[in-house]
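Protein chains in written order, with our numbering: chain A, 296 to 448; chain B, 6 to 596.
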């Protein structure tokens with residue numbers, strides 16, 4: 296799914312860049328230097344190469360890094376590809392648990408679980424859970440959080 | 006602006022008689038009363054009485070209006086913010102006898118007076134048994150009810166106009182569900198009423214909470230004020246600002262620049278006024294003449310500005326001290342009951358009440374200039390407080406020893422030592438500080454004239470001491486009760502957070518940091534800015550640190566039994582990448 300998402304995003308941006316380059320040639324404002332006009336097509340090409348790498352490599356990389364774990368007391372996530380992020384959120388401090396499904400996620404039958412605490416820095420998301428799993432875990436977490444809830448935010 | 010208030014009408018209209026509390030209205034307490042003279046004495050007298058204490062605290066007050074003097078202040082306040090357009094319109098209108106202009110200005114002023122009248126007429130507040138109700142609005146009616154338990158603080162402030170008339174603005178800060186903040190603002194009530202409101206609100210809240218935590222209302226009833234309520238007798242002054250401290254304003258860059266900001270605003274206003282005046286006369290035949298005059302005026306302005314800037318440069322420290330003194334005049338920090346109260350200001354006296362149980366820690370801030378005189382500022386880390394930059398200030402700039410002493414008395418000072426971050430962090434800090442300008446300078450050396458390159462190389466050189474200083478200020482530590490992290494150079498912040506307040510850990514590591522074995526550790530706190538980072542700490546060491554602070558949170562996720570010995574596992578260095586345990590589940594990603 297990440298691959299598809301990246302592919303769509305790249306395609307849109309590439310189209311925009313092509314249109315931009317073409318428009319630049321077509322309009323030919325006098326203040327645009329000549330060399331820029333001649334080499335305008337380089338930009339989309341460079342971006343296409345980068346986008347190809349990104350679409351193929353990055354999702355696999357991310358998939359390899361991506362881990363999550365829910366124990367009785369703590370939610371642990373590990374995400375990222377180039378830079379990684381480990382996060383620990385104690386269940387007792389969880390304020391809300393959301394689970395979400397975008398249209399593409401529904402196509403693939405996965406869902407995103409979002410765990411929020413009082414601090415915006417302490418909120419974590421788990422992407423790409425199975426939809427049924429996400430549902431179950433979010434309910435369990437909410438229940439458990441209500442049980443353990445202490446007053447301190 | 007001399008309209009009389011409309012004829013008095015009964016305070017409690019049919020719609021307002023049913024209250025959120027649910028109990029039947031206590032007849033006497035609910036009778037209409039004069040809004041200008043709130044029944045403070047009766048309320049106070051009734052509260053300490055044995056037996057009646059409980060009911061007194063639970064009974065709802067009648068609905069009050071704001072002070073009628075608001076009729077005067079709110080148009081004036083509006084006027085102040087629209088002063089320039091209105092005055093310009095008036096002058097231009099009189100000058101060219103443009104009836105539309107004059108009429109427009111008159112209508113604007115009339116609208117301000119009218120809106121003040123409407124606000125006063127429709128605004129009502131009522132302290133109920135369990136909530137504070139604020140109703141307002143003629144066309145868009147709004148009804149806000151704030152549960153008393155949720156109130157986090159009551160601020161009282163007054164600008165010179167308010168003080169001349171003996172008024173004050175009361176701001177009630179409350180936490181709405183979901184972490185958002187919802188405020189009630191009473192603009193304005195009489196000063197005594199403001200004080201009374203603060204007392205009543207805080208006492209009732211304490212009462213409600215007291216009953217929650219200790220289910221023995223009989224025991225609490227005889228001393229409703231003494232149980233937890235902030236009593237006037239229970240105050241302790243921690244700090245009153247000595248005169249010499251105003252001099253520290255010189256070290257604060259913000260205050261040094263204040264005159265320039267004021268100047269810029271002034272110029273903005275002038276040019277705006279000129280522009281509008283010009284707009285009015287565009288059709289004129291004297292347009293060319295006007296332009297000439299405007300150009301002359303402009304060059305005159307530039308000359309004046311140059312002189313002014315010169316004067317300012319000389320007088321800058323003086324300005325800084327004066328403007329600093331205006332905002333920090335007689336800064337006082339005291340404890341009233343279970344809350345810290347910080348009062349300050351010469352023209353606008355501001356008083357901020359921070360409940361102690363909402364305070365999660367404190368921050369010590371300084372800049373390089375202040376560090377030369379070892380001066381710091383003290384700021385509280387509080388949950389659910391907006392505009393923290395100005396409102397959470399507990400101490401103005403002052404000698405570090407004194408500030409720490411007060412911090413220790415008012416809160417708890419950090420006693421541990423900070424652990425330095427690894428040498429690799431120094432390289433990264435230096436790279437960050439130097440590299441952008443160095444690269445730009447190198448590029449300029451090839452592409453641009455030499456002086457551009459030299460100009461760019463200067464900040465690159467300056468980056469060296471900056472980077473070193475940034476590295477030197479990095480650190481984190483733990484003294485058993487509190488955790489502290491420190492970073493920054495031009496604005497160095499040492500945050501001290503109570504252990505219990507930590508609601509999560511986050512490690513971030515880029516590819517470059519991974520090679521050096523470093524990571525940024527962020528501790529999430531449900532207060533202040535939300536998270537405080539230890540930048541470029543050693544990854545394994547920081548994991549051990551987090552484990553030391555909250556063992557039950559971190560230990561289940563360590564790679565093996567002993568975390569510090571897992572340094573050889575470069576892949577995740579301490580935190581495991583594979584699931585384990587019985588009740589743990591893993592998931593990955595569907596591609």
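For glycine and all other residues, C-beta sits at the position ideal for the given N, C-alpha and C.
C-alpha distance - residue i paired with residue j, whole-angstrom precision
i	j	result
residue 497 (chain B)	residue 432 (chain A)	42 Å
residue 132 (chain B)	residue 194 (chain B)	14 Å
residue 434 (chain A)	residue 345 (chain A)	41 Å
residue 386 (chain B)	residue 74 (chain B)	37 Å
residue 424 (chain B)	residue 482 (chain B)	6 Å
residue 427 (chain B)	residue 444 (chain B)	26 Å
residue 174 (chain B)	residue 78 (chain B)	11 Å
residue 249 (chain B)	residue 372 (chain B)	19 Å
residue 478 (chain B)	residue 405 (chain B)	16 Å
residue 310 (chain B)	residue 304 (chain B)	10 Å
residue 203 (chain B)	residue 423 (chain A)	50 Å
residue 69 (chain B)	residue 151 (chain B)	16 Å
residue 541 (chain B)	residue 84 (chain B)	52 Å
residue 418 (chain B)	residue 160 (chain B)	26 Å
residue 384 (chain A)	residue 415 (chain B)	30 Å
residue 523 (chain B)	residue 324 (chain B)	45 Å
residue 394 (chain A)	residue 547 (chain B)	31 Å
Residue-level contact to chain B via CB, residue i, 8 Å cutoff
i	result
residue 412 (chain A)	yes
residue 393 (chain A)	no
residue 379 (chain A)	yes
residue 339 (chain A)	no
residue 439 (chain A)	no
residue 401 (chain A)	no
residue 371 (chain A)	yes
residue 366 (chain A)	yes
residue 388 (chain A)	yes
Own chain partners of residue i with C-beta closer than 7 Å, once the 5 adjacent residues on each side are dropped
i	result
residue 350 (chain B)	332 and 334
residue 468 (chain B)	438, 439 and 442
residue 516 (chain B)	none
Element boundaries [alpha helix (DSSP H), containing residue i]
i	result
residue 559 (chain B)	556-559
residue 478 (chain B)	455-478
residue 422 (chain B)	Unbroken run through residue 422 (chain B): none, as it is neither H nor E.
residue 361 (chain A)	No alpha helix (DSSP H) contains residue 361 (chain A), which DSSP labels as neither H nor E.
residue 510 (chain B)	Taken as a continuous stretch (DSSP letters only), residue 510 (chain B) belongs to no alpha helix (DSSP H), being part of the beta strand (DSSP E) at 507-514.
residue 406 (chain B)	405-415
residue 439 (chain B)	428-452
residue 168 (chain B)	165-169
Min CB distance residue i to chain A below 8 Å
i	result
residue 434 (chain B)	no
residue 301 (chain B)	no
residue 512 (chain B)	yes
residue 557 (chain B)	yes
residue 550 (chain B)	no
residue 584 (chain B)	Because residue 584 (chain B) carries a pLDDT of 39, less than 50, the predicted location of this residue cannot be relied on, and the following value inherits that uncertainty. Closer than 8 Å to some Cβ of chain A, the Cβ of residue 584 (chain B) qualifies, so yes.
residue 516 (chain B)	yes
residue 451 (chain B)	no
residue 386 (chain B)	no
residue 256 (chain B)	no
residue 508 (chain B)	yes
residue 492 (chain B)	no
residue 152 (chain B)	no
residue 543 (chain B)	no
residue 158 (chain B)	no
Below-8 Å beta-carbon distance, residue i vs any chain D residue
i	result
residue 382 (chain A)	The displayed structure is made up of protein chains A and B, and chain D is not among them.
Endpoints, beta strand (DSSP E) assigned at residue i
i	result
residue 381 (chain A)	379-385
residue 380 (chain B)	380-387
residue 412 (chain A)	405-412
residue 430 (chain A)	Not the beta strand (DSSP E): residue 430 (chain A) falls in the alpha helix (DSSP H), residues 426-443.
residue 373 (chain B)	Premise fails: residue 373 (chain B) lies in the alpha helix (DSSP H), 373-377, not in any beta strand (DSSP E).
residue 359 (chain B)	354-360
residue 523 (chain B)	523-530
residue 487 (chain B)	487-492
residue 348 (chain B)	344-349
Cβ neighbours of residue i in the same chain (closer than 6 Å, five flanking residues each side left out)
i	result
residue 140 (chain B)	129 and 148
residue 573 (chain B)	With a pLDDT of 33 at residue 573 (chain B), under the threshold of 50, the predicted position of this residue should be treated as unreliable, and no value is reported.
residue 513 (chain B)	525
Sequence-distant residues of its chain with Cβ nearer than 8 Å to residue i (five each side left out)
i	result
residue 530 (chain B)	365, 366, 386, 502, 506, 507, 508, 536 and 537
Segments assigned alpha helix (DSSP H), at least 4 residues, entirely inside the stretch 72-123 of chain B: 75-86 and 88-101
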